[in-house]
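**Student:** Dumping the structure here so I can ask a few things about it.
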Amino acid sequence: MKLVMVVTKLTGNEKNDRARAQEYCRYAAHKGVIPVSAYLNFHGMFPDELGGAVEHVLAVRLAKRVDEIWVFGNETDEEKQKRIEEACREYGGRAKYFDAREIGEDLLLCTMFSEELIEKLEEMEEF
7 MKLVMVVTKL
17 TGNEKNDRAR
27 AQEYCRYAAH
37 KGVIPVSAYL
47 NFHGMFPDEL
57 GGAVEHVLAV
67 RLAKRVDEIW
77 VFGNETDEEK
87 QKRIEEACRE
97 YGGRAKYFDA
107 REIGEDLLLC
117 TMFSEELIEK
127 LEEMEEF
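Here our numbering runs 6 ahead of the position in the sequence shown, where the first position is 1.
What follows is the structure in structure tokens.
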């Protein structure tokens, strides 16, 4: 199974940002990969003034260890292209963009079928 870093656009609304990151990680798991989100793992872990810098260093290190980077958003075509270019510059050519509007139905289904996910994950090869 591939290890995939899930990257989401942060809005500053911590509750919504966390929910969105969880939603995209669920989607990735349903697609047969092991998702990891730097936001879910590191955000707020270091509350001092250098916390953001530490989180960024950890995210960059994590990005070097994963097989792919999945960038999620719902930007216009021009903004989407800019985010893809930024992700490729920051993380290399392993970045893929997923438009939330295009995968919306799949996102909804992923919240409903945990039993099927367990079966699917058990059937997949371990790494």
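All C-beta atoms, glycine included, are put in the ideal place defined by N, C-alpha and C.
Helix or strand or just coil, what does DSSP make of A69?
**Tutor:** The three-state reading of DSSP puts A69 in helix, counting H, G and I together.
**Student:** Using 8 Å as the cut-off, classify the Cβ of I90 as near or not near the heavy atoms of the ligand MG, replying yes or no.
**Tutor:** Of the ligands one can find in the structure shown there are none, so the ligand MG has no counterpart to examine.
**Student:** Taking L4 as the reference, which of L115, I40, D54 and A27 has the closest Cα?
**Tutor:** Because residue 4 is not part of the residues shown, which for the chain are 7 to 133, the question remains open.
**Student:** Tell me the rounded alpha-carbon separation between D83 and E129.
**Tutor:** 37 Å
**Student:** Look up A101 in the DSSP assignment and say whether it is helix, strand or coil.
**Tutor:** strand
**Student:** According to DSSP, is F48 part of a helix, a strand, or is it coil?
**Tutor:** helix
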